[in-house]
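Single-structure report; data block below.
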Amino acid sequence: MRPTSSVLHVYQADDCDIVTFPAEVDLLNDERIRTQLLWLLNTSPRGLVLDLSGTRFCAACGVDAIFRACIRAKALGIRVGLLSPPSGPVNRVIQVTGLNRAIPTTTDRAEALAALR
24 MRPTSSVLHV
34 YQADDCDIVT
44 FPAEVDLLND
54 ERIRTQLLWL
64 LNTSPRGLVL
74 DLSGTRFCAA
84 CGVDAIFRAC
94 IRAKALGIRV
104 GLLSPPSGPV
114 NRVIQVTGLN
124 RAIPTTTDRA
134 EALAALR
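Quick note, the sequence shown lines up with residues 24 to 140 if you use the numbering used here.
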């Protein structure tokens, strides 16, 4: 069953799912994001690009949700890439928390998709 009250926008490109995060990721939408990511991973996509390029704010709970989704994806054999904004506070969060070291990260969508092939 698909979760209700969608926060993430999901579409397909090159047999991979691209998940676009909202402008702000915080405690107000954290639980829905986690639920949607888990649901999506359980559909067994070939690859998953987590697109934060339009996100302006990402709280620690959002970083945790991304880390946990990547752990689950790895257990399921699903490749994951992270699409980061080229600069700004979310890019800084990605750098400081080490998301960019745990997940292949780029600022270009085509590059992110190519890395999953």
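Note that the Cβ used here is the ideal one computed from N, Cα and C, for glycine as well.
Note on geometry: alpha-carbon atoms of I56 and Y34 lie some 16 Å from one another. Non-local C-beta neighbours of A46 in its own chain, meaning closer than 8 Å and more than five positions away in sequence, comprise G77, T78, R79, F80, ordered along the chain.
Cβ contact annotation for P109 (same chain, cutoff 7 Å, sequence separation greater than five): T130, in chain order.
Following the DSSP letters along the chain, one finds A83 inside the alpha helix (DSSP H) bounded by residues 83 to 99.
The closest CA to that of L51, considering only L106, G121, P68, A83, is found on A83. A Cβ-Cβ contact shorter than 8 Å links L75 with L105.
Its chain contains V48 as the residues whose beta carbon lies nearer than 6 Å to that of G85, once the 5 sequence neighbours on both sides are disregarded; these appear in chain order. A residue is called buried once 16 or more other Cβ atoms fall within 10 Å of its Cβ, and G70 is buried on that count. Where L106 is concerned, the enclosing beta strand (DSSP E) starts and stops at 102 to 106. Put simply, of V113, T66, N114 the residue whose alpha carbon is nearest the alpha carbon of D40 is T66.
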